[in-house]
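Heads up: the sequence shown begins at 4 in our numbering, then just goes up one per residue.
Have a look at the structure below, then the notes.
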Amino acid sequence: MNRSETSGYKQRTYKKTEEPSSRTKKTDTKESAVKKMDERKSAAKKTDTRKSYVQKGDVKNQSGRKGVIRTDKGRSNTEQKGNASKEKAPCPVAKRCGGCQLLHMSYEQQCKLKQEEVNKLLEPFGKVEALRKMKDPMHYRHKVHAVFDRDRKGNPISGVYEAGTHRVVPVDHCLIENELADDIIVTIRGMLKSFKIKTYDEDTEYGLLRHVLVRVGRTTGQVMVILVLASPILPSKNNFVKALRSKHPEISTVILNVNEKRTSMVLGERNITLFGKGSIEDQLCGKKFVISPSSFFQVNPEQTEVLYNEAIKLARLTGKERVIDAYCGIGTIGILASDHAKEVIGVELNADAIRDAAVNAKKNESKNIRFYTADAGEMMTAMAEKGEKADVVFMDPPRSGSTESFMDAVTKLAPSRVVYVSCSPETLARDLLYFSSKGYLVKKMIPVDMFPWTLHTECCVLLERSNL
Ligand code: SAH
4 MNRSETSGYK
14 QRTYKKTEEP
24 SSRTKKTDTK
34 ESAVKKMDER
44 KSAAKKTDTR
54 KSYVQKGDVK
64 NQSGRKGVIR
74 TDKGRSNTEQ
84 KGNASKEKAP
94 CPVAKRCGGC
104 QLLHMSYEQQ
114 CKLKQEEVNK
124 LLEPFGKVEA
134 LRKMKDPMHY
144 RHKVHAVFDR
154 DRKGNPISGV
164 YEAGTHRVVP
174 VDHCLIENEL
184 ADDIIVTIRG
194 MLKSFKIKTY
204 DEDTEYGLLR
214 HVLVRVGRTT
224 GQVMVILVLA
234 SPILPSKNNF
244 VKALRSKHPE
254 ISTVILNVNE
264 KRTSMVLGER
274 NITLFGKGSI
284 EDQLCGKKFV
294 ISPSSFFQVN
304 PEQTEVLYNE
314 AIKLARLTGK
324 ERVIDAYCGI
334 GTIGILASDH
344 AKEVIGVELN
354 ADAIRDAAVN
364 AKKNESKNIR
374 FYTADAGEMM
384 TAMAEKGEKA
394 DVVFMDPPRS
404 GSTESFMDAV
414 TKLAPSRVVY
424 VSCSPETLAR
434 DLLYFSSKGY
444 LVKKMIPVDM
454 FPWTLHTECC
464 VLLERSNL
């Protein structure tokens, strides 16, 4: 998971080109939106090589896109390897965008490389299982972000930031993004002139539209559109929403997010709902989840199910356990665990996510789960100081990993099992070393490919308390 994608996630970089997508079609109902997505999925399956996706002579209309947050630790070996033959990448903006480092490789080659890299980092702790691959590794990102700007002629453009800069690379269609989301962004760009909406200029701080985020519910087909503006006032907002929905009736909610600051964060703090409920719902592993604009929710729902199912299996819950879901976001893992445990406690820093988590628990009739807004390390320490105990701890920290104080507190709560879900094998290896020094032994390590075409790999690891 790209943890940098919570409320405060850093801007990445994409843009959409000027030409509206030829694939933008009107549909009338949410059901038809779901059908449309299914059709696209099977179409994507048919074109399962990147070469066939980007046709010769059609390069200007295509674009690769990124889905990747760069690590804050500098470039890994894999990243360097990934860039070495970028020349061959089939995406026309692969180099400038930098999001997909492995575009020049077949999916099989990428998986092999990822397995080798994860093995290198984690094999000192035991055997690493085979990477859980995607069946269809295209268009998996169900959350899509575009930054807006203008070209030299003053025409609005949308896409991604060029790697390491604030220059915008126009991108209309990306190989890893949900296609409906891409189409909606292109439509919005096409509407700007007639609505006299200026794109925001970071240097002069003049203009209105900064970013657009689209989140598509894979199971429900619900669509959330977030317009990030430099001011709370969108002129002719009702007509704008009406015009947008007439082109994309599948849109369930439109939110105006106000970001008035000179900042590299995408989202500001204030959300104004222009249409619909202000959130969408999706389903994972048979459970319903409400997702608000600033809550973290994995971008690749298909592989998230694989990941969560593995995590729950690793915990070997029998119905008698007291479970902690640390860094719980909107309560996903905890709610899944609650069916098989006596009691679950979720802890998370983001108050919006905790509000969603409480709603989600209710929706799924999970009565044995409680959520707390708190720093996970502080809360665990406070629990440990009170002499509390836990049987199983799930932990799913951001890319930076966990903290020694959190892990110290875990050892005091003395769970027999810790299931560690990580989006950074580097910080995972560091934390596993610390856990090992505290008497927790690694029993199983499962890498999951959540981000095909990029260097990122998710892992879930079972640690057990040794009896020494
Ligand atoms: N388990 C959830 C969320 C994982 S993302 C899921 O799978 O959807 C990591 C989460 O950790 C984010 O929601 C982020 O807001 C939260 N977080 C980051 N630092 C934290 C801290 N110090 N204490 C508690 N939560 C934290």
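No residue lacks a Cβ here, since even glycine has one placed at the ideal position from N, Cα and C.
- Shortest gap from the CB of Leu-352 to any heavy atom of the ligand SAH: under 8 Å.
- Here Tyr-209 is exposed, its C-beta having fewer than 16 other C-beta atoms within 10 Å.
- With a cut-off of 8 Å, the C-beta of Gly-380 is classified as near the ligand SAH, since at least one heavy atom of the ligand falls inside that distance.
- Rounded to whole angstroms, the gap between the alpha carbons of Ser-109 and Thr-223 is 31 Å.
- Bridge pairing for Lys-199: absent [DSSP].
- Look at Tyr-423: its beta carbon is at least 8 Å from all of the heavy atoms in the ligand SAH.
- Ala-329 is bridged by DSSP to Val-350, Met-398.
- For the pair of segments examined, the segment 181-195 was found to touch the segment 211-220: the number of CB pairs separated by less than 8 Å reaches three.
- Taking C-alpha positions only, Val-189 is separated from Ser-369 by approximately 40 Å.
- In this structure, the C-beta of Thr-335 approaches the ligand SAH to less than 8 Å from one of its heavy atoms.
- The segment 398-462 contains, as complete alpha helix (DSSP H) runs of 4+ residues, the segments 407-416, 428-440 (chain order).
- As a beta-bridge residue in DSSP terms, Thr-276 pairs with Ile-258.
- For Thr-376, the secondary structure class from DSSP, reduced to helix, strand or coil, is strand.
- The closest heavy atom of the ligand SAH lies 8 Å or more from the beta carbon of Phe-128.
- For Gln-301, the three-state secondary structure derived from DSSP is coil.
- Every unbroken stretch of the alpha helix (DSSP H) spanning 4 or more residues and falling wholly within the segment 123-206 is given here in chain order: 182-194.
- Within 8 Å of the C-beta of Thr-307 there is at least one heavy atom belonging to the ligand SAH.
- The ligand SAH has no heavy atom closer than 8 Å to the beta-carbon of Ala-344.
- Comparing alpha carbon positions, the residue from Pro-428, Arg-358, Ala-318 closest to Lys-123 is Pro-428.
- Taking non-hydrogen atoms of the ligand SAH into account, the C-beta of Pro-401 is found less than 8 Å away from one of them.
- Annotation: Leu-458 to Asn-303 spans about 15 Å, alpha carbon to alpha carbon.
- Under the 8 Å Cβ criterion, the segment 318-325 does not count as touching the segment 225-240, having fewer than three qualifying pairs.
- Val-309 and Gly-279 have their C-alpha atoms roughly 31 Å apart.
- Less than 9 Å divides the Cβ of Glu-346 from the Cβ of Ile-372.
- Between Arg-420 and Val-451, the CB-CB gap reaches or exceeds 9 Å.
- Membership of Leu-339 in any beta strand (DSSP E) is not indicated; the residue belongs instead to the alpha helix (DSSP H) covering 335-341.
- The Cβ-Cβ distance between Glu-205 and Arg-265 falls below 9 Å.
- In this structure, the CA atom of Phe-151 is about 51 Å from the CA atom of Gly-442.
- By the CB criterion at 9 Å, Gln-112 and Leu-134 fall outside the cutoff.
- In this model, Lys-201 and Phe-243 are separated by some 14 Å (Cα to Cα).
- If you compare the alpha carbons of Ala-246, Gly-271, Ile-294, Thr-207 with that of Gln-225, the shortest gap goes to Ile-294.
- For Lys-370, no alpha helix (DSSP H) segment is defined, and its DSSP state is neither H nor E.
- Looking at the DSSP output, Val-464 bridges to Tyr-423, Met-448.
- Beta bridge pairing from DSSP links Ile-229 with Leu-216, Ile-258.
- Put simply, the backbone Cα of Ile-191 is about 21 Å away from that of Met-268.
- Residue environment for His-169: exposed (fewer than 16 other C-beta atoms within 10 angstroms of its C-beta).
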